[in-house]
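Remarks on the structure that follows.
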């Protein structure tokens, strides 16, 4: 089934304990679209870039089956740029530079050919922009998922609350869930947040895995214990891409299939962190992904002959 | 099969954001023995208490099937006492008081009737004491598991290294694994630590679950997402007790059965934190434990119809 991703297509400059990059390709929309492209080929993206953005990269996205008609190219303007430096434990980072550029007045265009999409993945952006895209869909998609961050809770809380009422799945991390709910316990946080709109809530815990909440049920997906995390940039977006791509492929949005989708997302994220930026996501094979997902299956699989 | 637990039987005074206790019953040996008692009735304990220790509690242990012949009662001496205060996030605590008392010169006695035990669980104690118990076993048990802490790495490193060479399973937390190996990555840490002796390594990550390493395999057991952690005291010991008790019941020490044992341990630990001290462990029913273990099964269980 068809999927629309909305998210930044951007430049990043990254510093980790393992090295440093110049301006490389980044952006939530890029990571999401690349990741989901391994599961579904019926995919479109809504974004905006400046004149300085390489046409080559748009072609790379097209090669992976992503329709880029919805990416506006702003003449005389510059692409969104973010630069950050990770601390030694890789769990925290400092933002060095944020240049909004074309994102400052982003008015998302949903091309006519995009109408009728079944799945809508709203990557991390201003909640008002995310809401505008929902409003510009002539028919409500079967499933709308949204990613956000603490930044928007700080500066655009009311917009975020309004937008949350319109979505089915919210994807945030543990810190964000605590900030959003003012609850330390993630179980309590989940119950509060689901009352704000989303029927499903995914709380990402980085190296500690992810929780999927639905009504009174909870599913836990582990993260793969890795020898090394090389660069965490985009891991959350890659997770979201794998998740929504897995769902969009079959169109099955049952809780059971969402569990599998969370595993697919976790597997994709585990690739993302192995190299700088989007590098690892450019040329994965189906076999590599199959084997990685099987590692997740084996990681948590157990049979209890006798319980007690 | 028969199990010997070695560990402190002690007094604790605990303060958490939810309340405060007077001197209550604690000690690693107590938690381990209570926890494992739900899985095996062929159980003995080696420990030491002072004259001030209530006979009532020893009887409670006996009622749960624990042979207490190996608990020395030192006339004119006082029982080990620990007091601590948990911070608001419950993940860290300050030790307020540590009175070693009878533990200061603990010379563990292994009664003749204990000889021939199949399983030996060495709770957190001075490594030299743990080693003495191993040496006092006339026949090497089928499986020896050991718990330790950063304190012993700081003050008794050489003893610990010698003792580790004699054990099959080491149970520590993530922080301790990092200190022991000087590696941040738990995968790298595990490989280093297993070269020091233990064939199996369990790394506990508190609310983030536990990892079981064996050769190049790894198994991940989640922690149950809880609304509230009331008192974490003894959770690690309770985990160890459930783990070793589960193994001792069937005697099956395959990697596959160890996975189930880690789940059993995690389930027992999830009960422990629901009330102060050992309270919740005193009167569990088989049904409660069965249902809790099933919650773990459901928490991580998924079927992928189509992988990729």
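Chains as they are written, first to last, in this note's numbering: chain X, 624 to 931; chain G, 624 to 931. C-beta: ideal position from N, C-alpha, C; glycine also. Predicted model, so just to flag it, every value in this text is computed and none were measured.
Taking 7 Å as the CB-CB limit, is residue i close to chain X?
i                     : result
residue 848 (chain G) : yes
residue 853 (chain G) : no
residue 838 (chain G) : no
residue 597 (chain G) : Chain G is shown from 624 up to 931; residue 597 (chain G) falls before or after that span and cannot be answered.
residue 823 (chain G) : no
residue 870 (chain G) : no
residue 835 (chain G) : no
residue 883 (chain G) : yes
residue 766 (chain G) : no
residue 845 (chain G) : yes
residue 654 (chain G) : no
residue 802 (chain G) : no
residue 909 (chain G) : yes
residue 643 (chain G) : no
residue 927 (chain G) : yes
residue 816 (chain G) : no
residue 841 (chain G) : yes
Is residue j closer than 7 Å to residue i when the C-beta atoms are compared?
i                     : j                     : result
residue 669 (chain G) : residue 697 (chain G) : no
residue 733 (chain G) : residue 913 (chain X) : no
residue 963 (chain G) : residue 632 (chain G) : Because chain G in this structure spans residues 624 to 931, residue 963 (chain G) falls outside the shown range and cannot be described.
residue 887 (chain G) : residue 859 (chain G) : no
residue 776 (chain X) : residue 753 (chain X) : no
residue 702 (chain X) : residue 675 (chain X) : yes
residue 757 (chain X) : residue 789 (chain X) : yes
residue 857 (chain X) : residue 662 (chain X) : no
residue 798 (chain X) : residue 811 (chain G) : no
residue 827 (chain G) : residue 796 (chain G) : yes
residue 745 (chain G) : residue 923 (chain G) : no
residue 824 (chain G) : residue 817 (chain G) : yes
residue 800 (chain G) : residue 764 (chain G) : no
Kindly give me the distance between the Cβ atoms of residue i and residue j, rounded to whole angstroms, as I take these residues to be in contact under 8 Å.
i                     : j                     : result
residue 919 (chain X) : residue 889 (chain X) : 6 Å
residue 813 (chain G) : residue 836 (chain G) : 4 Å
residue 787 (chain X) : residue 760 (chain X) : Actually they do not touch by this definition, with Cβ atoms about 17 Å apart.
residue 845 (chain X) : residue 832 (chain X) : 4 Å
residue 899 (chain X) : residue 840 (chain X) : Contact flag wrong, Cβ pair sits at about 37 Å.
residue 807 (chain X) : residue 712 (chain G) : 7 Å
residue 904 (chain X) : residue 861 (chain X) : 7 Å
residue 714 (chain G) : residue 829 (chain G) : 6 Å
Using a beta-carbon distance below 7 Å, is residue i in contact with chain G?
i                     : result
residue 808 (chain X) : yes
residue 769 (chain X) : no
residue 709 (chain X) : no
residue 896 (chain X) : no
residue 922 (chain X) : yes
residue 788 (chain X) : no
residue 760 (chain X) : no
residue 689 (chain X) : no
residue 811 (chain X) : yes
residue 930 (chain X) : yes
Within its chain, find whatever has a CB closer than 8 Å to the CB of residue i; leave out the 5 residues flanking it on each side and keep chain order.
i                     : result
residue 870 (chain G) : 742, 766, 876, 880, 881 and 884
Less than 7 Å between C-beta atoms, sequence neighbours within five positions excluded: which residues of the same chain meet that for residue i?
i                     : result
residue 737 (chain X) : 627, 667 and 693
residue 691 (chain G) : 668, 681, 684 and 685
residue 897 (chain X) : 853 and 903
residue 700 (chain X) : 673, 674, 724 and 725
residue 791 (chain G) : 766, 767, 768, 821, 822 and 823
residue 784 (chain G) : 819
residue 695 (chain G) : 671 and 732
residue 665 (chain X) : 624, 625 and 626
Within the same chain, show all residues whose beta-carbon is closer than 6 Å to that of residue i, passing over the 5 residues directly before and after it, in chain order.
i                     : result
residue 893 (chain X) : 847
residue 782 (chain G) : 750 and 751
residue 874 (chain G) : 624
residue 648 (chain G) : 680 and 901
residue 646 (chain X) : 634 and 636
residue 778 (chain G) : none
residue 722 (chain G) : 704
residue 720 (chain X) : 706
### Three or more C-beta pairs below 8 Å linking the stretch 636-644 of chain X and the stretch 697-709 of chain X
With contact defined as three or more Cβ pairs closer than 8 Å, the stretch 636-644 of chain X and the stretch 697-709 of chain X are in contact.
### Task
Would you check if there are 3 or more beta carbon pairs closer than 8 Å linking the stretch 769-780 of chain X to the stretch 657-664 of chain X?
Because the criterion of three Cβ pairs below 8 Å is not met, the stretch 769-780 of chain X and the stretch 657-664 of chain X do not touch.
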